[in-house]
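Heads up, the sequence shown is in our numbering, so the first residue is 59 and it goes up one at a time. Have a look at the structure below, then the notes.
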Amino acid sequence: MTALRTENLETALFLDTPLISTERLVLRPPHVVDAEQMAVLANNINIARMLAHMPHPYTIADAEKFITNAQQNIGRACIYSITEAETGQLIGVGSLHETPEDSEPHMGYWIGEPYWGKGYASEAARGLVDLYFKVTNRPILLVSARVNNEASKKVIRKCGGKHIGSSQAVHPLLGETQHLDHFEITRESWMGEVAA
Numbered sequence: 059m060t061a062l063r064t065e066n067l068e069t070a071l072f073l074d075t076p077l078i079s080t081e082r083l084v085l086r087p088p089h090v091v092d093a094e095q096m097a098v099l100a101n102n103i104n105i106a107r108m109l110a111h112m113p114h115p116y117t118i119a120d121a122e123k124f125i126t127n128a129q130q131n132i133g134r135a136c137i138y139s140i141t142e143a144e145t146g147q148l149i150g151v152g153s154l155h156e157t158p159e160d161s162e163p164h165m166g167y168w169i170g171e172p173y174w175g176k177g178y179a180s181e182a183a184r185g186l187v188d189l190y191f192k193v194t195n196r197p198i199l200l201v202s203a204r205v206n207n208e209a210s211k212k213v214i215r216k217c218g219g220k221h222i223g224s225s226q227a228v229h230p231l232l233g234e235t236q237h238l239d240h241f242e243i244t245r246e247s248w249m250g251e252v253a254a
């Protein structure tokens, strides 16, 4: 296990969840009114299997607890509701967060299945990566995806992600073995994507 670099924690993630606007999306702090739609979208085994800590079934109570924790910044994370700019409709969740196992922060995201195939994951991930490198002095952002989640790995590569290894872990809530690919996005690789 790698110790966290505590001297950089505040600049890394205590970002007060600033608003992120992209061409079609607004990433904003989660609100209690998001709970119902979040529960509808997240109560999907296809999403739960791709994430490390999402329960299934996923209830409104789960969503409310998640939102309360995000509002209190529990877990050293900058959490976003991903919404459509035009409609304000919640379509997913994104985050920049610390883990006790890694020395660098992670990015995470999920998009509700009705919104798959529209490029929203790429747009949201690019917004998160851009924020991370603009407002922190950290050189690396980590991100992981299930080996069989080709769509997510494509999103990660579009953000400059380079494969750094693989592992397996048992999903703590579903009890299933997950085979994971791990990536790092460096400031240099991200700037190369921005310039391309």
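Glycine included, C-beta positions come from ideal geometry on N, C-alpha and C.
C-alpha gap between residue i and residue j, whole angstroms
i, j, result
"V151", "D120", "14 Å"
"T278", "S225", "As displayed, the chain neither begins before 59 nor continues past 254, which places residue 278 out of reach and without an answer."
"A182", "P87", "14 Å"
"L83", "A143", "5 Å"
"P163", "L238", "17 Å"
"P113", "A106", "7 Å"
"C136", "M165", "10 Å"
"G185", "N127", "22 Å"
"I243", "I103", "28 Å"
"V205", "H240", "9 Å"
Cβ neighbour criterion (16 or more within 10 Å) applied to residue i
i, result
"K220", "exposed"
"M96", "buried"
"I222", "exposed"
"A227", "exposed"
"G146", "exposed"
"V201", "buried"
"G170", "buried"
"V90", "exposed"
"N101", "buried"
Min CB distance residue i to chain C below 9 Å
i, result
"A227", "Checking the listed chains, one finds no chain C in this structure; it contains a single protein chain."
Which residues DSSP lists as bridging residue i, in chain order
i, result
"L77", "According to DSSP, which records beta bridges pairwise, L77 is partnered with nothing at all."
"I243", "L199"
"R204", "L238"
Beta-carbon separation (whole angstroms), residue i vs residue j, contact threshold 8 Å
i, j, result
"D188", "L148", "Contact flag wrong, Cβ pair sits at about 21 Å."
"K216", "S180", "5 Å"
"W248", "G218", "4 Å"
"Y178", "L154", "The Cβ separation is near 18 Å, so there is no contact."
"I78", "Y138", "7 Å"
"E94", "I118", "6 Å"
Proximity test, residue i beta-carbon vs the ligand FAD heavy atom, cut-off 8 Å
i, result
"E251", "Only the bare structure without any ligand can be found here, which leaves the ligand FAD out of the picture."
Coil, strand or helix - residue i by DSSP
i, result
"G152", "strand"
"G185", "helix"
"W174", "coil"
"Y190", "helix"
"M249", "helix"
"Q255", "Since the displayed the chain opens at 59 and closes at 254, residue 255 lies outside it and no answer follows."
"V157", "In the sequence as presented, Val is not what sits at residue 157; that position holds Thr. It is coil, neither helix nor strand."
"T141", "strand"
"M96", "helix"
"V228", "strand"
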